[in-house]
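The sequence shown begins at 3 in the numbering used here and counts up by one.
Glycine residues also receive a C-beta, built at the ideal position from the N, C-alpha and C atoms.
Let me begin by presenting the structure, written as structure tokens, before commenting on it.
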Amino acid sequence: MRSQIAAALCAAALGVIAVSSLAIAQQKTAKSCVEERQTGKAAKRANGNARCGASADRAAGDRPVYSTIKDLMESIIDPSADALWGAAGTVIDKQGAQDLSPKTPEQWLDVRRAAVRIVEGANLLMMPGREAAPAGARSEAPGVELEPPEISALIKKKRKSFDAFARALQALGVEALRASDAKDVPLLDDIGARMEGVCESCHQTFWYPLDQQASTRN
Ligand code: HEC
Numbered sequence: 003m004r005s006q007i008a009a010a011l012c013a014a015a016l017g018v019i020a021v022s023s024l025a026i027a028q029q030k031t032a033k034s035c036v037e038e039r040q041t042g043k044a045a046k047r048a049n050g051n052a053r054c055g056a057s058a059d060r061a062a063g064d065r066p067v068y069s070t071i072k073d074l075m076e077s078i079i080d081p082s083a084d085a086l087w088g089a090a091g092t093v094i095d096k097q098g099a100q101d102l103s104p105k106t107p108e109q110w111l112d113v114r115r116a117a118v119r120i121v122e123g124a125n126l127l128m129m130p131g132r133e134a135a136p137a138g139a140r141s142e143a144p145g146v147e148l149e150p151p152e153i154s155a156l157i158k159k160k161r162k163s164f165d166a167f168a169r170a171l172q173a174l175g176v177e178a179l180r181a182s183d184a185k186d187v188p189l190l191d192d193i194g195a196r197m198e199g200v201c202e203s204c205h206q207t208f209w210y211p212l213d214q215q216a217s218t219r220n
């Protein structure tokens with residue numbers, strides 16, 4: 003019995019050591035990132051340094067940026083918007099019209115979770131120092147879409163406009179949160195339509211403005 007207690011205490015002590023050495027390592031990492039930023043070493047560092055994150059050197063204060071706008075779109079914004087649109091819609095398939103509106107409390111909770119991700123994802127979009135896409139990524143439709151470095155430059159130049167689109171998306175996320183709490187499907191449908199307009203407006207301004215120029219020329 004005593005040896006079991008001793009073993010448990012020993013394991014707990016090891017756990018404490020492991021946790022504290024992790025904390026020290028994290029502190030060191032954060033400190034060296036800050037030092038690198040201050041001494042300008044960051045500029046000389048190779049791109050994509052995992053220790054400080056791809057663009058951590060340009061991040062605000064102690065909030066390093068590890069993901070690109072493309073990552074946020076793929077991982078957070080797009081799947082969450084799909085969940086909201088799906089919850090509001092009716093699809094017509096081989097079996098006829100299928101009502102996709104949430105029925106169970108768990109399904110309504112999923113809508114709520116998607117709304118939370120839109121609300122907070124918009125904050126992530128507004129964080130400075132985020133590149134459009136990972137280094138080396140290329141546009142899939144050159145001549146229609148801007149190349150990622152051009153998108154990053156445009157966002158830097160028109161930061162206020164970019165943030166205004168993100169804020170509009172966030173406001174709709176807050177509305178969707180309320181609609182999910184009220185279990186209001188027609189309202190979700192209306193919010194979904196307005197949200198699509200915001201996605202499209204930001205994309206037309208920052209992602210494929212060339213498309214718009216081409217269509218006004220034609
Ligand atoms: C504040 C501006 C902004 C808003 C709002 C916005 N996007 Fe984006 N989105 C971008 C930019 C910029 C890109 C291009 C990123 C790149 O490829 O470099 C992009 C790219 C995408 C992509 C392509 C990702 C990939 O794999 O290349 C999808 C999908 C997407 N957005 C979906 C959405 C949806 C859905 C919404 C609305 C719910 C939305 N976006 C709202 C700025 C925005």
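Helix, strand or coil at residue i according to DSSP, with G and I counted as helix
i    : result
E149 : coil
D186 : coil
T106 : coil
T207 : helix
G88  : helix
Q100 : strand
P66  : coil
P136 : coil
P130 : coil
Whole-angstrom C-beta distance between residue j and residue i, which should lie under 8 Å
i    : j    : result
S182 : V113 : 4 Å
V200 : L179 : Not quite, the Cβ-Cβ distance comes to about 16 Å (not below 8 Å), so this is no contact.
L171 : A124 : 5 Å
I78  : R119 : 5 Å
Check whether residue i and residue j have beta carbons under 8 Å apart
i   : j    : result
T70 : P136 : yes
A83 : M128 : no
L74 : L148 : no
Sequence-distant residues of its chain with Cβ nearer than 7 Å to residue i (five each side left out)
i    : result
S154 : E133, A134
V187 : A90, S103
K185 : W110
F208 : I153, L156, I157, F164
V176 : V121
A99  : T92
Cβ-based neighbour list, residue i, same chain, cut-off 6 Å, excluding 5 preceding and 5 following
i    : result
L1   : It is not possible to answer for residue 1, since the shown part of the chain is limited to 3 through 220.
E189 : Note on identity: in this sequence residue 189 is Leu, with Glu being the wrong assignment. Excluding residues within five positions, the ones whose Cβ falls inside 6 Å are A181.
A139 : P150
N49  : The predicted position of N49 is uncertain, since its pLDDT is 39 and thus under 50; no value can be drawn from it.
Y210 : V146, E147
W126 : The question names Trp, but residue 126 is Leu in the sequence shown. The residues are L74.
Contacting residues, own chain, Cβ-Cβ under 8 Å from residue i (five flanking each side not counted)
i    : result
R196 : L174
D101 : T92
C204 : F164, F167, A168, L171
S141 : E147, L148, E149, P150
By C-beta, the residues closer than 6 Å to any heavy atom of the ligand HEC, given in chain order: I71, K72, M75, E76, I79, D80, A83, L127, A134, A135, P150, I153, F164, F167, A168, L171, M197, V200, C201, C204, H205, F208, W209
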